[in-house]
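Residue numbering for the sequence shown follows this note's numbering, beginning at 5 and increasing consecutively.
Here's the structure we're looking at; comments come further down.
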Amino acid sequence: NAETTSDFSFQSLFQESLFQAVPRNYAGIGVATLVLFVVGTKLIWRKSSAKSAPNLNRMKGDLKQLRAALVTTIASQKDLERQHTEVQHKVAEWAQRADQATHAEDPGLLEQALAEKRVYDLRSAELNRSLREVNIQVSALRDSIGQLEGQIKVGQHRAGIVA
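In structure tokens:
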């Protein structure tokens, strides 16, 4: 029923997502949930009868929400890229300090530098994984937007023929 599925709004889904709660730690998770819910719930469950103007308006609303989600996801992507670059600089910095400690023959300093480098290496790997997930989500959102734009065009064409 179109009336019950329209109760699922972008805002309520986004506000309850992990992304909204802790954006840096779960950068891609909320967006993935959003994509599944918005695309799955609104576009698959609701019968796509593009002949009616209210349905076209709902589809246009969904398109607006998907575009907003894309903007948010791209912002997360840019933030993750920035964080990853900063962490990579820290990895290089601690690697250089470890090298200096080796030349100075200071085992305590070497151990500390290697421990810090390991911490930043792990953080870099986490950010890299999140970045790959967000890249996939950006692609999925763009695909969903393209599909919905196509459905809207078909609906507008059909509405023009019927009218």
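Don't be surprised by glycine CBs; every beta carbon is placed ideally from N, CA and C.
Being a predicted model, the structure only gives us computed values, none of them experimental.
* **C-alpha distance - L118 paired with T106, whole-angstrom precision** => Residue 118 sits at position 114 when you count from the first residue of the sequence shown. Residue 106 sits at position 102 when you count from the first residue of the sequence shown. Taking the CA atoms as reference points, L118 sits about 11 Å from T106.
* Cα-Cα separation between S128 and E97, rounded to whole angstroms -> Taking the sequence shown and counting its residues from 1, the one referred to as residue 128 is at position 124. Taking the sequence shown and counting its residues from 1, the one referred to as residue 97 is at position 93. Cα to Cα, S128 sits roughly 14 Å from E97.
* Using CA coordinates, which residue listed in K68, K121, P111 and L114 is at the minimum distance from H93? -> Translated into positions along the sequence shown, residue 93 becomes position 89. Closest by alpha carbon: K121.
* **Spatial distance of G154 from S148 (CA atoms)** => Counting from 1 along the sequence shown, the entry for residue 154 is found at position 150. Counting from 1 along the sequence shown, the entry for residue 148 is found at position 144. Cα to Cα, G154 sits roughly 10 Å from S148.
* To do: Check whether the Cβ atoms of D125 and V158 lie closer than 7 Å to each other.
  => The residue given as residue 125 occupies position 121 in the sequence shown. The residue given as residue 158 occupies position 154 in the sequence shown. No. Outside cutoff.
* To do: For S143, count neighbouring C-beta atoms within 10 Å of its own C-beta (all shown protein chains included) and say buried if the count is 16 or more, exposed if not.
  => On the sequence shown, residue 143 is found 139 positions in, with the first residue counted as 1. Per the 10 Å Cβ criterion, exposed.
* To do: Mark A102 as exposed unless 16 or more other C-beta atoms lie within 10 angstroms of its C-beta, in which case mark it buried.
  => Counting from one through the sequence shown, the residue named residue 102 turns up at place 98. Buried, because 16 or more other Cβ atoms sit within 10 Å of the Cβ of A102.
* Less than 6 Å between the CB of N61 and some heavy atom of the ligand ZN, yes or no? -> Ligands in the displayed structure: none, and consequently the ligand ZN is not present.
* Where R71 and I140 are concerned, what is the direct C-alpha to C-alpha distance, given to the nearest angstrom? -> Position 67 of the sequence shown, counted from the first residue, corresponds to residue 71. Position 136 of the sequence shown, counted from the first residue, corresponds to residue 140. Using only the alpha carbons, I get a separation of about 16 Å.
* Per DSSP, what kind of secondary structure is E109 in: helix, strand or coil? -> Here the question's residue 109 lines up with position 105 in the sequence shown. The answer is coil: DSSP assigns E109 none of H, G, I, E or B.
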